[in-house]
Structures are given as C-alpha cells and as structure tokens.
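Colleague: In case it helps, the numbering used here puts the sequence shown at residues 348 to 399. All C-beta atoms in this analysis are idealised placements derived from N, C-alpha and C, irrespective of residue type, glycine included. Source: prediction; values computed, not measured. Please read through the structure below; I'll follow up with questions.
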Amino acid sequence: MKRLILVRHAKSSWSDQSIDDKNRPLNERGQSDALTIGTWLASQGLQPDQVL
C-alpha cells in the first residue's frame, strides 16, 4: 500500500531578502523542527521515496 506523508516546510531565515526561496537557509527554529520531524519519521519506520 502506498502512503502519502504531508509535511509543511520548516521556518526559513528572512535576514537576507536577496536569496531565492529555494536557496534560503532554515532559521534556528526551522533546523530544530526539521530534526524533530526527521527523528519522528525514523521512529515510525517511515522513509520517503520522493520529496516534492
């Protein structure tokens, strides 16, 4: 069975407005949140085949 996992992007830094969104780094909260969701996915045995 296929499974769809929806995850919203983490908080990014807006300190440099000249950076394109796709290249914008995560801020401190975003880095923490990304680690949290990654840890949770791993604990559930979930490994995405594709990320869009």
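Verify whether the separation of the beta carbon atoms of residue 358 and residue 373 is less than 8 Å.
Modeller: Yes, the Cβ-Cβ distance between residue 358 and residue 373 is below 8 Å.
Colleague: When DSSP labels each residue in this structure, what does residue 359 get in the three-state scheme?
Modeller: If DSSP states are grouped into helix, strand and coil, residue 359 belongs with the strands.
Colleague: So, at 6 Å on beta carbons, what are the nonlocal neighbours of residue 333 in its own chain, with the 5 sequence-adjacent residues on each side left out?
Modeller: No answer is possible for residue 333: the residues shown for the chain start at 348 and end at 399.
Colleague: Among residues of its own chain, excluding the 5 on either side of residue 360, which ones have a beta-carbon nearer than 8 Å to its beta-carbon?
Modeller: Only 371, 372, 373, 374 and 377 meet the Cβ criterion.
Colleague: Counting only the same chain and skipping the five closest in sequence on each side, list residues whose C-beta sits under 7 Å from that of residue 363.
Modeller: Cβ within range, chain order: n/a, list empty.
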